[in-house]
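Engineer: Supplied in structure tokens, the structure appears directly below.
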Amino acid sequence: RKEVEQDPGPFNVPEGATVAFNCTYSNSASQSFFWYRQDCRKEPKLLMSVYSSGNEDGRFTAQLNRASQYISLLIRDSKLSDSATYLCVVNAPRSSTLGRLYFGRGTQLTVWP
Amino acid sequence: DAGVTQSPTHLIKTRGQQVTLRCSPKSGHDTVSWYQQALGQEPQFIFQYYEEEERQRGNFPDRFSGHQFPNYSSELNVNALLLGDSALYLCASSLAGGGAEAFFGQGTRLTVV
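One line per chain: the protein sequences are A and B, in this order.
With this note's numbering as the guide, the letters of the first sequence map in order to residues 12 to 124.
With this note's numbering as the guide, the letters of the second sequence map in order to residues 912 to 1024.
Below, the structure written as structure tokens:
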């Protein structure tokens, strides 16, 4: 079983739509949670960290449910520039207290005009 | 404040050759992790360096080795290159302490012919 399970999509939505991505993680000792955005053939870029209380950054809202080991990302009022792959990432300890990142397979989003 | 820098950006090598990729972490970061990302896949963890030692390793053969220098920069070496080693190699830097955000360099695109 993968550490992080994520619906790969693809999601194809019109401009202005609201779209939600979800993922689940298997390690209950996971310490921190992130959403990264990756454009084609580019490096992943940190979109936002995810906190238990939920957090919002403009059109983006992320939520974490530790009891269900579930993470979500909501994008409101989608823009063409939101088209990318969104990676759900979890930092969990394994053999080292340093922790390491575990990636979901990414969800591909295409926003069309 | 310089972010994570990697060199070279692109590289073409022949099967059987050896390659060295370089990474300078973000200022203030002391931990470097390397990832391999094949086209259409999520990044796969190769290994992590902290205090000049390999701390964690993913499921990669011994042909993949690395080093971290006192200034926290790092190298990834791959010996006896195979066609299947063609990928985007990403370096991520973070601050030790578990749970820290990681920032990626732009990657080195390696093509093995």
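Each residue gets a CB set at the ideal place from its N, CA and C atoms; glycine is no exception.
In this text the structure is predicted, and so the values were computed from the model without any measurement.
List, in order along the chain, the chain B residues whose C-beta lies closer than 8 Å to that of A/Pro55?
Structural biologist: Here residue 55 of chain A corresponds to residue number 44 of the first sequence, with the count starting at 1. Those within 8 Å of A/Pro55 in chain B are Pro954, Leu1001 and Phe1015.
Engineer: Among B/Phe958, B/Glu964 and B/Ser984, whose alpha-carbon lies nearest the alpha-carbon of B/Asp973?
Structural biologist: In the second sequence, counting from the first residue as 1, residue 973 of chain B sits at position 62. Minimum Cα distance to B/Asp973 is reached at B/Phe958.
Engineer: What first and last residue would you give for the beta strand (DSSP E) that runs through B/Thr1019?
Structural biologist: Position 108 of the second sequence, counting from 1, holds the residue named residue 1019 of chain B. It spans Thr1019 to Val1023 - the beta strand (DSSP E) in which B/Thr1019 sits, taken as one unbroken run.
Engineer: I need the DSSP call for A/Leu57, collapsed to helix, strand or coil.
Structural biologist: Within the first sequence, residue 57 of chain A is the residue found at index 46, counting from 1. The answer is strand: DSSP assigns A/Leu57 an E or B state.
Engineer: Is it right to say B/His921 is buried, meaning 16 or more other beta carbons lie within 10 angstroms of its own, or is it exposed?
Structural biologist: Here residue 921 of chain B refers to the residue found at position 10 of the second sequence. Exposed, by the Cβ-count rule.
Engineer: Straight-line CA distance for B/Lys924 to A/Asp88?
Structural biologist: As a position in the second sequence, residue 924 of chain B is number 13, starting the count at 1. As a position in the first sequence, residue 88 of chain A is number 77, starting the count at 1. The alpha-carbon atoms of B/Lys924 and A/Asp88 are separated by roughly 45 Å.
Engineer: Let me know the secondary structure DSSP gives A/Leu91 once reduced to three states.
Structural biologist: Within the first sequence, residue 91 of chain A is the residue found at index 80, counting from 1. In this structure, A/Leu91 counts as helix in the three-state DSSP scheme.
Engineer: Cβ atoms of B/Val943 and B/Ser1004: under 7 Å apart, would you say?
Structural biologist: The sequence position of residue 1004 of chain B within the second sequence is 93, counting from 1. The sequence position of residue 943 of chain B within the second sequence is 32, counting from 1. Yes. Within cutoff.
Engineer: Closest to B/Glu965 by CA distance: which of B/Gln955, B/Glu953, B/Gly951 and B/Phe980 is it?
Structural biologist: Your numbering for residue 965 of chain B matches position 54 in the second sequence. Among B/Gln955, B/Glu953, B/Gly951 and B/Phe980, the Cα nearest to that of B/Glu965 is on B/Phe980.
Engineer: According to DSSP, is B/Leu922 part of a helix, a strand, or is it coil?
Structural biologist: Numbered from 1 along the second sequence, position 11 holds the residue referred to as residue 922 of chain B. Of the three classes helix, strand and coil, the one that applies to B/Leu922 here is strand, per DSSP.
Engineer: Looking at the C-beta of B/Glu963, does it have a partner C-beta in chain A at a distance below 7 Å?
Structural biologist: Here residue 963 of chain B refers to the residue found at position 52 when the second sequence is read from its first residue. Judged by the 7 Å Cβ criterion, B/Glu963 is not in contact with chain A.
Engineer: Name the chain A residues whose beta carbon is nearer than 8 Å to that of B/Ser944?
Structural biologist: Against the second sequence, residue 944 of chain B aligns to sequence position 33. Neighbours of B/Ser944 on chain A, chain order: Arg111 and Leu112.
Engineer: What does A/Arg7 touch in chain B if you count any residue whose Cβ is under 7 Å from its own?
Structural biologist: No statement about residue 7 of chain A is possible, as the shown extent of chain A runs from 12 to 124 and does not include it.
Engineer: If I measure Cβ to Cβ from A/Phe22 and keep anything under 8 Å in the same chain, skipping five residues before and after, which residues do I get?
Structural biologist: Residue 22 of chain A sits at position 11 when you count from the first residue of the first sequence. Here the set comprises Val30, Phe32, Thr118, Gln119, Leu120 and Thr121.
Engineer: Can you pull the DSSP bridge partners for B/Cys1002?
Structural biologist: Looking up residue 1002 of chain B in the second sequence gives position 91. BP columns for B/Cys1002 point to B/Trp945.
Engineer: Does the distance from the C-beta atom of A/Tyr47 to that of A/Pro55 stay below 7 Å?
Structural biologist: Residue numbering aside, residue 47 of chain A sits at position 36 when the first sequence is read from its first letter. Residue numbering aside, residue 55 of chain A sits at position 44 when the first sequence is read from its first letter. Against a cut-off of 7 Å, the Cβ pair of A/Pro55 and A/Tyr47 comes out as a contact.
Engineer: Can you tell me where the beta strand (DSSP E) holding B/Cys934 begins and where it ends?
Structural biologist: The residue labelled residue 934 of chain B in the question sits at position 23 within the second sequence. First-last of the beta strand (DSSP E) with B/Cys934: Val930 to Ser935.
Engineer: Would you identify the three-state DSSP class for A/Leu112, choosing helix, strand or coil?
Structural biologist: For the purposes of this step, residue 112 of chain A is identified with residue 101 of the first sequence, where counting begins at 1. Strand at A/Leu112.
Engineer: With DSSP as the reference, label B/Leu994 as helix, strand or coil.
Structural biologist: For the purposes of this step, residue 994 of chain B is identified with residue 83 of the second sequence, where counting begins at 1. B/Leu994: helix per DSSP, three-state reduction.
Engineer: Whether or not the stretch 72-89 of chain A and the stretch 33-52 of chain A are in contact is what I'm after, with contact meaning three or more pairs of Cβ atoms, one per stretch, closer than 8 Å; do they touch?
Structural biologist: Short answer: they touch.
Engineer: Could you tell me how far apart the beta carbons of B/Thr916 and B/Ser935 are, in whole angstroms, since I believe they sit closer than 8 Å?
Structural biologist: Position 5 of the second sequence, counting from 1, holds the residue named residue 916 of chain B. Position 24 of the second sequence, counting from 1, holds the residue named residue 935 of chain B. The pair is a contact, with the Cβ atoms about 5 Å apart (cut-off 8 Å).
Engineer: Is the distance from the Cβ of B/Ala991 to the Cβ of B/Gly927 below 7 Å?
Structural biologist: As a working note, residue 991 of chain B is residue 80 in the second sequence. As a working note, residue 927 of chain B is residue 16 in the second sequence. A contact, by the Cβ cut-off of 7 Å.
Engineer: Below 7 Å between beta carbons: does that hold for A/Phe45 and B/Pro954?
Structural biologist: Here the question's residue 45 of chain A lines up with position 34 in the first sequence. Here the question's residue 954 of chain B lines up with position 43 in the second sequence. The answer is no: Cβ separation not under 7 Å.
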